[in-house]
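Remarks on the structure that follows.
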Amino acid sequence: MVFAMQTDLRKRIMERALLDKARIPATDADVWHLCQTGFDVLEESSRASVFALANGVLGVRGGLDELAGDHAAILSDAHIANPIHYHESFTGFATSSDMRFAAPSPVQIALEIDGKPFVPGGGAPLAFERKLGLVDGVLHRTTSWRIDQDRILHLTVLRLVAPGAGAHCASQIGLRVTGGSADISLSFPLECQRVDPSAVDDPRFNRATPLRRISLDESGVEACFRAGDGAQAVDLAMVQAIDIDPAAGKLILNDGRATARFSLGDGAEGMVERHVHYAFGADGPDRARELLQHNRTMGWGGLAEIAQAELARFWAGADIAISGDSGMEQAIRLAMFHLYQSASRDNRHSIAAKGLTGEGYEGHYFWDTEVFVLPALAFLAPELAAPILRYRIGTLDNARRNARQMGHASGALYPWRTIGGDECSAHYPTGAAQYHINADIAYALNLYREATGDAHLVRDAAPMLFETARIWLEIGHFNVRRGGAFTIHGVTGPDEYTGLVDNDYYTNAMAARHLSFAATLASEMEQEDPEHFRALAKELSLTPREVEQWRAASAAMWLPLDEKLGIHPQDDSFLDKPVFPFADLPRDRFPLLLHHHPLQLFRHQLCKQGDVVQAMHLAGEEVPLTAKRRDLAFYTPLTTHDSTLSATAFAIVSAETGQEAQALDYHHETAYVDLENRHGNTHHGLHMAAMAGSWLVLAMGWAGMRIVKGRLHFRPTCPDGWGSYSFRLRWRGALLEINVSADKTIYRLISGDLPLILDHGRNVVPSAAGTVLLRPMVDAVIFDLDGVLTDTAQAHFKAWKRLCDEEGLPFDEHFNENLKGIDRPASLALILEAAGVAADAATREEMMTRKNKYYREAIAHYGPGDLFPGARELLTDCLAAGLKIGLASASRNARDVVRALGIENLFDTITDAGTIKRGKPDPEIFLATAQELGCDPSRCVGVEDAAAGIAAIKGAGMRAIGVGSPHALAAADSVVSGISALDVAVLTTTLPPEERDQLKLEK
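For the sequence shown, numbering that gives the first Met the number 0 assigns the number 0 to the initial residue and increments by one for each residue that follows.
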């Protein structure tokens, strides 16, 4: 991908509508390199983030060596605790905040030409290209600066932060002069200067620089720095080695500075190789020297070879490809590259919000590491996911202490933001109140367990899981005012524009999963290793009664559905608030948090990011598509997406519910958020959660990947504009490749010998050659219920007959035929009209209620045995074929009936008479079902047993299949005698069965 830098880019950042037009797509030739041509000083700080290098220990921003400013080093261990000063402080407030500080640059150089300082940058370079290799991890740059009217200085710079080399940066600098000769000096300062990249008052970025140099040796190759004072002081040693060809230049080490000098004729070249290493502590200088010498001995070639081998190993399990959108392909590859670079290899650290690419958010770790970053790494590089959980296990005592400070008698509460393990948020309404962090960690642990089968880590994490589960019983209770439901109070969810609420939906939903997982793991451990579990239970004072309370609280969790709107309220008060009119605000008033008091935001229906939508994504198959689609539609106009976390969930749920264009827009938002500086703060560092989100959308959105009952499930789609896409993932030691196109999906087992069964609506066993599943010619099948899948017609007849007998109205089985496919109000109207009886609205309502009561009594004992033969098999075959399945029933009790029949989980959506205004033969119910499924009606098939239903299907523009009499259902495209006569082939062909059979005979 080539970026031609333009001076008006900052303006375009604020005008998102122009960004897609400004994107220059990658070509197939350069998808493994991120290239920038042309230089823009206004955007250089953002590009320094995008072109950063890291190895999990050290990060070096991608700025220009010869320019003052943005090439600081970021070290995972470089942080101190600063006291938080309150004018009014209360019990439990955070008392200090960790702050990660930038280390002195390992690449900064100072130039002299002909004995005079040469400071480039007064004007644009004559030529500029910067290239980041995703295969070799090398940052390669060529720049030409004008010296004077005749002479030009050409720089070629290579930079490498090799995996496994520790806090080590290597660089090569080539110099060449054209248009004349020049005496050039390069000095390599060891100093802690840093230019503030932020000129605004932004609480997301800390501009303090606590580092000071405390020693510098005479040769200029070794210095020591200190941050903080007293017992909190952190000492950092920095040593360097400079290698040049003695025949081409001279190295001078004195006056505290290392300098390389060259006398270059016209066209002549000079070369420098520089190695820099960092180490902490009193013995830092000795260790830094030792490790520096080790890496220097390997030299650039040895380090580069290691980097390329490690990246090859990573890409073998993480590569993706997109045919038809090479720009998106490269954006996702770049995201995976940066995740790999910033992932900690040390159990003492997690992954900061900005990774090792910048100082935004002071280097803190947040909940998004567990919910976004870990899921991606668990499937791509499980060995890089494990330290995230090991870090949380290692800070359990801090979480226990935090819980006591927050007034809890037991349990553990992890901090919302931290580095060292203690809470660092000074604003508790949007910080410490985010108790969902506990459930987020539990979610990450369960997902990692499912994806890897790593029982050892899960066993080590059990105390953490149990201690964090205890908190929910501390802040929630079984509420008698809500029928004994478990309610949680005084918390803040992921949406930071809504604070300190009761029953935040995301928090409650995640708490329910957390409690269930904790109870399940306790039972498993007790069965599998009773001796170990007894010891652990004794250590934690964990009783069987407490475990049962977890299970009961999970089952009783308050997760309401608003009956009028059909959506999940974000919290108890959300729907009572007015809507915030943010759509009328200019773009320079975003993010809202920089321009409005938090209380002003709290008082409105307003979302910074997904709360309910995020919960819908993480719920997977537990919530039907109907509910997800309604929640998405409701919360979309209320969400500002001021958080870069937001687009991922919206993209996944949009893709899942069939809203392809919208999903693709959101996918672009998360994939390009830093490449195009869409939020205007990429100079703070890259957004690691959004980077991970770009892959999650590919796998969980477009490919529909879920973990259901310990098995990987897929429901792939391929968006318009993409010819195909593929990605790899690791699953319990196996390596899989999934390739999706418009007409088929191929599952290939790259490595692994375990018996592996996937779910694509049916069991799929991937093979080395590739297991191919063809996509059917239609996308969805929509079934009626009564007379198609089961027979409740007799129950309806008896209920109407009983009502009519009570009212003295004529009614028999012959007249009952007129009611087939007709909803309750229309049926009653026909009965009254035939009897010549008038009734007011209240009387009609009472009569319908009484009829429904009789009907529900009649079906009270329905069960799976009441399904028509072949019905369940047909539904499961449809799923196996990749078809979506909907139910369109005139019965308001349809959901209760399918639940009793044991087939509710086989439907993607259920539409009944209670959700529409016009009944059959109007096509509304079939059109509504297709919309809920996210399918074009022309690619749907409807199955009905009544003439009114067939008319509704045809009116919706769908192919209609009748079940019953060909004479009564003459308008159907084809008719079968019963559901057992249907199969997927009949459903998915565009021809009637007799014509299809005739074609077979002709062939």
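For every residue, glycine included, the Cβ atom is placed at its ideal position computed from N, Cα and C.
Determine the burial state of H682: buried for a count of at least 16 other Cβ atoms within 10 Å of its Cβ, exposed for fewer. Reading the sequence shown from its first residue, position 683 is the one you call residue 682. Result: buried.
With H, G and I counted as helix, E and B as strand and the rest as coil, what does DSSP make of V490? Within the sequence shown, numbered from 1, the residue matching residue 490 stands at position 491. The answer is strand: DSSP assigns V490 an E or B state.
Where does S766 fall in DSSP's three states? Counting from 1 along the sequence shown, the entry for residue 766 is found at position 767. Reduced to three states, the DSSP call for S766 is strand.
Do you know how far the Cα of V106 is from the Cα of D1006? Any property of residue 1006 remains undetermined from this structure, which presents the chain solely from 0 to 1002.
Taking only three categories from DSSP, how would you classify K919? The residue labelled residue 919 in the question sits at position 920 within the sequence shown. DSSP places K919 in coil when its eight states are reduced to three.
How is F485 classed by DSSP in three states: helix, strand or coil? Taking the first residue of the sequence shown as position 1, residue 485 is located at position 486. Residue state, collapsed to three classes: strand.
Three or more beta-carbon pairs under 8 Å between the region 913-922 and the region 950-960, yes or no? Contact between the region 913-922 and the region 950-960 is present: three or more C-beta pairs spanning the two stretches fall below 8 Å.
Is the beta carbon of Y364 closer than 8 Å to that of I351? Indexing the sequence shown from 1 puts residue 351 at position 352. Indexing the sequence shown from 1 puts residue 364 at position 365. Checking the sequence, you will find Ala at residue 351 rather than Ile. Yes, the Cβ-Cβ distance between A351 and Y364 is below 8 Å.
Answer yes or no: do T451 and A517 have a C-beta to C-beta separation smaller than 8 Å? Within the sequence shown, numbered from 1, the residue matching residue 451 stands at position 452. Within the sequence shown, numbered from 1, the residue matching residue 517 stands at position 518. Inclusion of T451 and A517 in the CB contact set at 8 Å is not warranted, their separation being larger than that value.
Close Cβ partners of A689 (< 6 Å) along its chain, the five nearest in sequence each way excluded: Translated into the one-based positions of the sequence shown, residue 689 becomes position 690. T643, T669 and V672.
Beta-carbon within less than 7 Å of E525's beta-carbon, same chain only, minus the 5 sequence neighbours each way: which residues are those? As a working mapping, residue 525 is identified with position 526 in the sequence shown. If we look at E525 and ignore the five residues flanking it on each side, its Cβ neighbours are F532.
Residue range of the beta strand (DSSP E) that includes L876: Looking up residue 876 in the sequence shown gives position 877. It should be pointed out that residue 876 corresponds to Asp in this sequence rather than to Leu. In the DSSP assignment, D876 falls outside any beta strand (DSSP E) and within the unbroken alpha helix (DSSP H) covering A870 to A879.
Secondary structure of D911, DSSP reduced to three states: The sequence position of residue 911 within the sequence shown is 912, counting from 1. Look at D911 here: in three-state DSSP terms it is strand.
Check the DSSP bridge columns for L57 and list the partner residues they point to. By one-based count along the sequence shown, residue 57 stands at place 58. In the DSSP output, where bridge partners are listed per residue, L57 has L74.
For the alpha helix (DSSP H) that P462 lies in, which residues bound it at each end? Residue 462 sits at position 463 when you count from the first residue of the sequence shown. Per DSSP, P462 belongs to the alpha helix (DSSP H) from A454 to I474.
State the Cα-Cα distance for the pair R225 and F371, rounded to the nearest angstrom. Numbered from its first residue, the sequence shown carries residue 225 at position 226. Numbered from its first residue, the sequence shown carries residue 371 at position 372. Take the alpha-carbon of R225 and the one of F371: they are about 34 Å apart.
Have a look at D97 and A912 and give me their C-alpha separation to the nearest angstrom. Along the sequence shown, one-based indexing puts residue 97 at 98. Along the sequence shown, one-based indexing puts residue 912 at 913. A straight-line Cα-Cα distance of about 57 Å links D97 and A912.
Grab the span of the beta strand (DSSP E) containing I112 for me, first residue to last. For the purposes of this step, residue 112 is taken as the residue at position 113 of the sequence shown. It spans A109 to I112 - the beta strand (DSSP E) in which I112 sits, taken as one unbroken run.
Which of helix, strand or coil does DSSP assign to T451? Residue mapping note: residue 451 aligns to position 452 of the sequence shown, counting from 1. In the structure shown, T451 sits in a helix (DSSP, three-state: H, G or I).
How many angstroms separate the CA atom of A181 from the CA atom of R140? Numbered from 1 along the sequence shown, position 182 holds the residue referred to as residue 181. Numbered from 1 along the sequence shown, position 141 holds the residue referred to as residue 140. If you draw a straight line from the Cα of A181 to the Cα of R140, it is about 22 Å long.
Rounded straight-line distance, which links the Cα of A411 to that of D216: Position 217 of the sequence shown holds residue 216. Position 412 of the sequence shown holds residue 411. A direct Cα-to-Cα measurement between D216 and A411 gives close to 47 Å.
What do you get for K563, buried or exposed, if any count of 16 or more other CB atoms within 10 angstroms of its CB means buried? One-based indexing of the sequence shown puts residue 563 at position 564. It counts as exposed.
Rounded C-alpha distance that separates D641 from P374: Here residue 641 corresponds to residue number 642 of the sequence shown, with the count starting at 1. Here residue 374 corresponds to residue number 375 of the sequence shown, with the count starting at 1. Pairing D641 with P374, the inter-Cα distance amounts to about 23 Å.
Where E538 falls, given that 16 or more other Cβ within 10 Å makes a residue buried: Residue mapping note: residue 538 aligns to position 539 of the sequence shown, counting from 1. Looking at its Cβ environment, which holds fewer than 16 other Cβ atoms inside 10 Å, E538 is exposed.
Is the number of C-beta pairs between the region 810-821 and the region 865-885 that are closer than 8 Å three or more? With contact defined as three or more Cβ pairs closer than 8 Å, the region 810-821 and the region 865-885 are not in contact.
Return yes when the Cβ of D571 is within less than 8 Å of the Cβ of D630, no when it is not. Here residue 630 refers to the residue found at position 631 of the sequence shown. Here residue 571 refers to the residue found at position 572 of the sequence shown. Against a cut-off of 8 Å, the Cβ pair of D571 and D630 comes out as no contact.
Looking at H488 and A438, is the spacing between their C-beta atoms short of 8 Å? As a working note, residue 438 is residue 439 in the sequence shown. As a working note, residue 488 is residue 489 in the sequence shown. Against a cut-off of 8 Å, the Cβ pair of H488 and A438 comes out as no contact.
Which same chain residues end up closer than 6 Å to H616 when comparing Cβ atoms and leaving out the 5 residues on each side of it in sequence? For the purposes of this step, residue 616 is taken as residue 617 along the sequence shown, with counting starting at 1. The beta carbon of H616 lies closer than 6 Å to those of A648, I651 and V652 in the same chain, with the five residues before and after it left out.
Measure how close the beta-carbons of G475 and A398 come, nearest whole angstrom, since I'm counting them as under 8 Å. Here residue 475 corresponds to residue number 476 of the sequence shown, with the count starting at 1. Here residue 398 corresponds to residue number 399 of the sequence shown, with the count starting at 1. That belief does not hold up - the Cβ atoms of G475 and A398 are roughly 18 Å apart, past 8 Å.
In chain order, what residues of the same chain lie with their CB nearer than 8 Å to the CB of T177, ignoring the 5 residues before and after it? Here the question's residue 177 lines up with position 178 in the sequence shown. Here the set comprises R150, I151, H153, D265 and G266.
How would you label M327, buried or exposed, when you count the other beta carbons within 10 angstroms and need 16 or more for buried? Numbered from its first residue, the sequence shown carries residue 327 at position 328. Burial is judged here by how many other beta carbons sit within 10 angstroms of a residue's own beta carbon; M327 has at least 16 and is buried.
Identify whether D865 lies in helix, strand or coil by the three-state DSSP scheme. Taking the sequence shown and counting its residues from 1, the one referred to as residue 865 is at position 866. DSSP places D865 within a helical segment (H, G or I) once states are collapsed to three.
Residue nearest to D935 in terms of C-alpha spacing, selected from V777, E545, P462 and E382: Within the sequence shown, the letter at position 936 stands for residue 935. For D935, the closest of V777, E545, P462 and E382 by C-alpha to C-alpha distance is V777.
Residues near D972 by beta carbon distance below 7 Å, same chain, minus five either side: Taking the sequence shown and counting its residues from 1, the one referred to as residue 972 is at position 973. Cβ contact annotation for D972 (same chain, cutoff 7 Å, sequence separation greater than five): R958, A959, I960 and P991, in chain order.
Jot down the residue ranges of each uninterrupted alpha helix (DSSP H) in the region 284-371, minimum 4 residues, whole runs only, in chain order. Segments of the alpha helix (DSSP H) lying fully in the region 284-371: 325-341.
To the nearest angstrom, report how far apart A306 and P162 are at their CA atoms. Sequence index remark: in the sequence shown, residue 306 carries index 307 (1-based). Sequence index remark: in the sequence shown, residue 162 carries index 163 (1-based). Computed Cα separation, rounded: 6 Å.
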